[in-house]
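Every position in the sequence shown, counted from 1, becomes a number in my numbering once 14 is added. Ideal Cβ positions, reconstructed from N, Cα and C, are used throughout, including at glycine. Just so you know, these numbers come straight off a predicted model, no measurement behind them. Worksheet: one structure, shown below.
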Amino acid sequence: MKQFNVFALAALPYFISALFFFGMLANEVRAADQQCGNVSSTLTPPYIPTTGTFRVLIVFVQFQDDVFDGPPSCVANQTNGWPSSTYALPTWATGTTFIHSQTAAQYTPGSLSHFYDLMSNGSFDFIGDVYPQVYVTPQPKSYYDINQGRGRGWLNQQIIDWMNPNVNFANYDNDNDGDVDMIIFIYRNWNGPTFNGVSYQGIADLGFTGSIVRDGKTISGGFPGSGISQHNVYTLGDCWDIVTHEISHYQFGGNHFDYIAKFGVHDGNNGATTMSGYERFLLGWSNPTLITSNTSVTLTDAATTCNYYRINIPNSNEYFLLENRQALSVYEQNDFCLHTGIPATGLMISHIQPSAAKIDQIRWEAADNTFLISDNGQPGDSYKPGNKIQFTPWTRPNSDRSNGAFTGIAVTNINQSGNNITADIVINFSSGTLTEDSWWEVSESIGGNVTLVSGKTLTVTPGTTASFASGATLTINGSLVANSTSPTQRITFTGTTATPGYWNGITINSGSSTNVSTLRRCDVQYATTGITITYTGNTNYVTIDKCKVRNNSSFGIYVAGNGSGATAHPTIRNNTIANNNNSGIYLTNYAKPTITGNRIENNGYAGIEGTSNNSATVNYNYISGNLDFGVRFSYSSFVELHRNTIKANYGNGIYCFSNSNLNANGANTDTTKGRNEIANNSGVGIYASSSSPNFGQDVTSQYGNNWIHDNTSYEAQQVGSGYQFSAKRCYWSGQQTNVSGNVATTPVLSSQPSPVGWGKVTGYDPTLRIWRGDEDTKDSLVVLLPLADISSVRQKSATPLQVSAMSNGVSNWSDDLQAAIDFYLNERQKVRLAIYDLAGHRVRTLVDGELPAGDQIISWDGRDQQGRSTASGVYFYELVVGNKVERKKMTLVR
């Protein structure tokens, strides 16, 4: 080999005091050798042949004062150890156990010759000569320390001269280029820092500067040069472990593949086993089968059959290599002493980046997603039943490019039969069965049906849009977590075309274990039914919160038990459920939902429909504009109905029949019970057929406190004999006689109950109450104020202490026009007058202080507190004088 400038190898320190040394061995930490310095820029690895016959010289060395024999006890074992007391070659160094001296059709398993024959698939014969005598130093180890002016390189030269009379060094110039190719120095023990200058267990050079000539051949002391040195060698397994790693530097160069761990030979932190598929490929020792289309594969043991599969990553030179590691070779097995085998068996997937820095060229896509640069490897790194059985764009790790770009590549249905691994390769993965925890992020195009198996979770990150192909369904048998905590990071489930019914929506089944799924701040749209929740074996708890379920061709949300008493228990709250062609929410077969705080509007049949033994809690909802019914329950359903606003539906507000009982009463002092507003519906306000709804009793603890008024047909109607419809202690706006059938209405409330109807007060000002169902979006705001059109006629109060107000009500304002708010004070009083927009934001405070008695005219020029022009729209003013409050609306059109 040619002479090159020397540069020192560097790797993980390996100190050799007995206690520390064996502590390090427990973690298989091996010093190997990152080189630093100057190497000829024209030379690239491999520096030794990869085919043909390669002969090396091996010499064993022991310091005269080396008496270390363990622990572990295997060090002193005569068969596989190297006892210190013999000062002789270990038993395994003789014969063919360690290395063959001649080529053979079959090499002894466990020998260096067999290792390279196996790794090269029969193309590289690594043979050698063991010098027949241990070199025992004539002086104790301290004599050779660097501080004595000697060191490893000096002693190696002394040993070369000691062997010279009996060795023809020309035998080790394999390519006849004038250089000795490889001398392997195996020291039983040395104290690295004092003898070697560094603390590595193996070094890919001979340790001296420059070169010497013996038998007409040049022996180079640097790297790449004429050999390697190693120490702390006590067993056969430990010896070939270090030798194969140091030789790997002559095959792959300095530095390491730092993310390869014990699944290869060229990692700088761990002991060697067999080569990885990438290492064999670089040396021309493997030819992976290229996968270009969807297919099923069977992988035999990689080490013993050289079976690999390659999947190229689009738009890059990166690729995945698949290899089945079964620990069938002796090099992958634990010798129960100093050498441990591969840490995992099963399918290993490596991500290859040929253009990256060397340390990053190969990275294992570890199944447990925990692989680090210093990782020794773990049992969870492989894919197989019991670990993970799927690697997709949606798992973690995923199949993205190194820059995070989507590849669409997946390895699914991973299984094992005997020592073989089977798997399905998918080149454009966008649908199918998810058998592992998966994640959807940013933007996902779903090409067909997706089914999540029981026990696994699909997480959809905030801000993600999942667009589904025609007819596709997302079926959840495990758990769906689509949970956004930010109003600006909504999650969208939609069709690739904005057409109702384009895809088939989300189906959440209870599966084989209790289902706990969450959809929060999600938009589910353009499906047949947006969300289907079904009981299929266990209690089903699903939360749908602050979502918008809209523009679906059938139901918005469909909830079903199993028909025999087992129930589905979803919580549906603070959502907008609108513009679905059938009912907004449909319940059947023992469904037991909690429905609260929702806006359920403009659906094609009912706002909420329930049939067959449902038990629902329906509170604080705004149900309006639905085509046939606001709320419709039938066939032995039971409903708790409190604090809802059910108005302006195009049929009956509430419809119950066939032994369905609605309970809408509550204690007179309990503002959370009863207190529904049922108004302005095109049919009957409350229609009962063969049912006995309870909207209030004349008992303090069961007052109705409902407000039922201005429905087009009857306010309440009972059809069928033998049933009692009670609606006592309700407010009817003077229309309590507009009822039909057996409806008990008296006694009645003399005034509107307060509070009444849906939602919480969530306005921005303590005196301006704006109620809403979805706290994230302004389009769901509902203003519940006594509104009156503003008159252009100025009036004064007839009663001095009563506040009256109006403005000139100009509907088309320009910058030089103003709205005047006139009122009269009979005495000097504290006054506050402010303008608000529909969202409840205070736009402008016009007065906040005392005003004198008499006529008051306060003008607003259409500008906000900062003097900026406000947009056209509807505004409110609020006038507070003492304990009197007046609120009215104004329309500004610019």
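Taking the alpha-carbon positions, what's the Trp874 to Asn412 distance?
For the purposes of this step, residue 874 is taken as residue 860 along the sequence shown, with counting starting at 1. For the purposes of this step, residue 412 is taken as residue 398 along the sequence shown, with counting starting at 1. One C-alpha to the other measures close to 60 angstroms.
Quick one: what does DSSP say Trp378 is sitting in, helix, strand or coil?
Here residue 378 refers to the residue found at position 364 when the sequence shown is read from its first residue. Reduced to three states, the DSSP call for Trp378 is strand.
Three or more C-beta pairs under 8 angstroms: does that hold for the stretch 231–239 against the stretch 273–288?
no
Helix, strand or coil at Trp204 [DSSP, three-state]
Taking the first residue of the sequence shown as position 1, residue 204 is located at position 190. It is coil, neither helix nor strand.
If we count the other Cβ atoms within 10 Å of its Cβ and call it buried at 16 or more, is Pro767 buried or exposed?
Looking up residue 767 in the sequence shown gives position 753. The residue in question, Pro767, is buried, as its Cβ has 16 or more Cβ neighbours within 10 Å.
Asn529 - containing alpha helix (DSSP H), residue span:
Within the sequence shown, numbered from 1, the residue matching residue 529 stands at position 515. No alpha helix (DSSP H) contains Asn529, which is instead part of the beta strand (DSSP E) from Asn529 to Arg534.
Whole angstroms is fine: what's the gap from Asn601's alpha carbon to Ile439's?
Locating residue 601 in the sequence shown gives position 587, counting from the first residue. Locating residue 439 in the sequence shown gives position 425, counting from the first residue. As written in the sequence, residue 601 is Leu, which differs from the Asn given in the question. Rounded to whole angstroms, Leu601 to Ile439 spans 41 angstroms at the Cα level.
Spatial neighbours of Ala90 within its chain, please: CB distance less than 7 angstroms, with the 5 preceding and 5 following residues excluded, ordered by chain position.
To locate residue 90, count along the sequence shown from 1; it is residue 76. Asp83, Gly84 and Pro97, listed in sequence order.
List the whole-angstrom C-beta distance separating Gly639 from Glu615, where the pair is believed to meet the contact cut-off of C-beta under 8 angstroms.
Residue numbering aside, residue 639 sits at position 625 when the sequence shown is read from its first letter. Residue numbering aside, residue 615 sits at position 601 when the sequence shown is read from its first letter. That belief holds up - the Cβ atoms of Gly639 and Glu615 are roughly 5 angstroms apart, short of 8 angstroms.
Are Ile335 and Gly394 close, meaning C-beta to C-beta below 8 angstroms?
Position 321 of the sequence shown, counted from the first residue, corresponds to residue 335. Position 380 of the sequence shown, counted from the first residue, corresponds to residue 394. Reading off the sequence shown, one finds Leu at residue 335, where the question assumed Ile. Cβ distance not < 8 angstroms, so Leu335 and Gly394 don't count as in contact.
Have a look at Met362 and Asn338 and give me their C-alpha separation to the nearest angstrom.
For the purposes of this step, residue 362 is taken as residue 348 along the sequence shown, with counting starting at 1. For the purposes of this step, residue 338 is taken as residue 324 along the sequence shown, with counting starting at 1. Going from the Cα of Met362 to the Cα of Asn338 covers about 6 angstroms.
Is it the case that the Cβ atoms of Thr111 and Gln92 are separated by a distance below 8 angstroms?
For the purposes of this step, residue 111 is identified with residue 97 of the sequence shown, where counting begins at 1. For the purposes of this step, residue 92 is identified with residue 78 of the sequence shown, where counting begins at 1. No, Cβ-Cβ distance for Thr111 and Gln92 is not below 8 angstroms.
Output needed for Asp712: all residues of its chain with C-beta closer than 7 angstroms, excluding positions within five of it in sequence on either side, in chain order.
As a working note, residue 712 is residue 698 in the sequence shown. Closer than 7 angstroms at Cβ, skipping near neighbours: Lys742, Arg743 and Pro761.
Which of helix, strand or coil DSSP assigns to His259
Here residue 259 corresponds to residue number 245 of the sequence shown, with the count starting at 1. Three-state DSSP puts His259 in a helix.
Leaving out five residues before and five after Thr409 in sequence, what residues of the same chain have Cβ atoms less than 6 angstroms from its Cβ?
Position 395 of the sequence shown, counting from 1, holds the residue named residue 409. Counting only residues of its own chain and dropping the five nearest sequence neighbours on each side, Thr409 has a CB closer than 6 angstroms to the CB of Glu450 and Ser452.
The beta strand (DSSP E) that contains Ile174, what's its start and end?
Position 160 of the sequence shown, counted from the start, is the residue given in the question as residue 174. Per DSSP, Ile174 belongs to no beta strand (DSSP E); it is in the alpha helix (DSSP H), Arg166 to Met177.
What do you reckon, is the C-beta of Ile609 under 7 angstroms from a heavy atom of the ligand MG?
In the structure shown, the ligand MG is absent, as is every other ligand, since no ligand is present at all.
DSSP state of Ile113, grouped into three classes?
Taking the first residue of the sequence shown as 1, we reach residue 113 at position 99. Looking at Ile113 - three-state DSSP - the assignment turns out to be coil, as it is neither helix nor strand.
Under the three-state reduction of DSSP, which class applies to Glu892: helix, strand or coil?
In the sequence shown, the residue the question calls residue 892 occupies position 878. Correct three-state label for Glu892: strand.
So, for Val899: in the same chain, excluding its five sequence neighbours on each side, which residues have a beta-carbon less than 6 angstroms away from its beta-carbon?
The residue you call residue 899 lines up with position 885 of the sequence shown. For Val899, there are no CB contacts under 6 angstroms within the same chain when 5 residues up- and downstream are skipped.
Hey, would you say Ile200 sits closer than 8 angstroms to Ile72, going by beta carbons?
Taking the first residue of the sequence shown as position 1, residue 200 is located at position 186. Taking the first residue of the sequence shown as position 1, residue 72 is located at position 58. Yes, Cβ-Cβ distance for Ile200 and Ile72 is below 8 angstroms.
What are the boundary residues of the alpha helix (DSSP H) that Thr318 is part of?
Position 304 of the sequence shown holds residue 318. It spans Ala316 to Thr319 - the alpha helix (DSSP H) in which Thr318 sits, taken as one unbroken run.
Take Ala317 as the anchor and find which of Ser307, Gly881, Ser300 and Asn331 has the nearest alpha-carbon.
Taking the first residue of the sequence shown as 1, we reach residue 317 at position 303. When each option's Cα is compared against that of Ala317, the closest is Ser300.
Straight-line Cα distance separating Asp878 from Thr884:
Here the question's residue 884 lines up with position 870 in the sequence shown. Here the question's residue 878 lines up with position 864 in the sequence shown. The straight-line gap from Cα to Cα measures roughly 6 angstroms.
Residue environment, Lys902, which counts as buried when at least 16 other CB atoms sit within 10 Å:
The residue given as residue 902 occupies position 888 in the sequence shown. Buried: at least 16 other Cβ atoms inside 10 Å.
How many whole angstroms separate the CB atoms of Gly544 and Ile571, which I take to be in contact at a CB cut-off of 8 angstroms?
As a first step, residue 544 must be located in the sequence shown, where it is residue number 530. As a first step, residue 571 must be located in the sequence shown, where it is residue number 557. Indeed, because the Cβ distance is near 6 angstroms, the residues count as touching under 8 angstroms.
Excluding five sequence neighbours on each side, which residues of the same chain lie with their C-beta closer than 6 angstroms to the C-beta of Thr151?
Locating residue 151 in the sequence shown gives position 137, where the first residue counts as 1. If we look at Thr151 and ignore the five residues flanking it on each side, its Cβ neighbours are Phe77 and Gln78.
Span separating the alpha-carbon of Ser213 from that of Pro207
Within the sequence shown, the letter at position 199 stands for residue 213. Within the sequence shown, the letter at position 193 stands for residue 207. Whole-angstrom Cα-Cα distance: 5 angstroms.
Can you have a look at Asp779 and say buried or exposed, based on whether 16 or more other CB atoms are within 10 angstroms of its CB?
As a position in the sequence shown, residue 779 is number 765, starting the count at 1. Per-residue confidence for Asp779 stands at a pLDDT of 36, beneath the threshold of 50, marking its modelled position as unreliable; the derived number appears in the next sentence. Under this definition Asp779 is an exposed residue.
Have a look at Ser468 and Pro584 and give me their C-alpha separation to the nearest angstrom.
Residue mapping note: residue 468 aligns to position 454 of the sequence shown, counting from 1. Residue mapping note: residue 584 aligns to position 570 of the sequence shown, counting from 1. Going from the Cα of Ser468 to the Cα of Pro584 covers about 18 angstroms.
Within 10 angstroms of the Cβ of Val53, are there 16 or more other Cβ atoms? Answer buried if so, exposed if not.
Here residue 53 refers to the residue found at position 39 of the sequence shown. In this prediction, Val53 scores a pLDDT of 43, lower than 50, which makes its location untrustworthy; the coordinate-derived value is nonetheless stated afterwards. Val53 should be labelled buried.
Are the beta-carbon atoms of Val75 and Tyr149 separated by less than 8 angstroms?
Counted from its first residue, the sequence shown places residue 75 at position 61. Counted from its first residue, the sequence shown places residue 149 at position 135. Yes, these two residues count as a Cβ contact at 8 angstroms.
Distance, Cα to Cα, Leu839 vs Phe890?
Reading the sequence shown from its first residue, position 825 is the one you call residue 839. Reading the sequence shown from its first residue, position 876 is the one you call residue 890. Their backbone Cα atoms lie some 21 angstroms apart in a straight line.
Please state whether the Cβ-Cβ distance between Asp851 and Val857 is less than 8 angstroms.
Position 837 of the sequence shown, counting from 1, holds the residue named residue 851. Position 843 of the sequence shown, counting from 1, holds the residue named residue 857. Result yes, Cβ atoms of Asp851 and Val857 sit closer than 8 angstroms.
Assign Asp642 to one of two classes, buried (16 or more other C-beta atoms within 10 Å of its C-beta) or exposed (fewer than that).
If you number the sequence shown from 1, residue 642 lands on position 628. It is buried - the Cβ of Asp642 has at least 16 other Cβ atoms within 10 Å.
Since I believe Phe709 is in contact with Asn694 (beta carbons under 8 angstroms), could you give me their beta-carbon distance rounded to a whole number of angstroms?
Position 680 of the sequence shown holds residue 694. Position 695 of the sequence shown holds residue 709. Contact doesn't hold; Cβ gap of about 17 angstroms is too wide.
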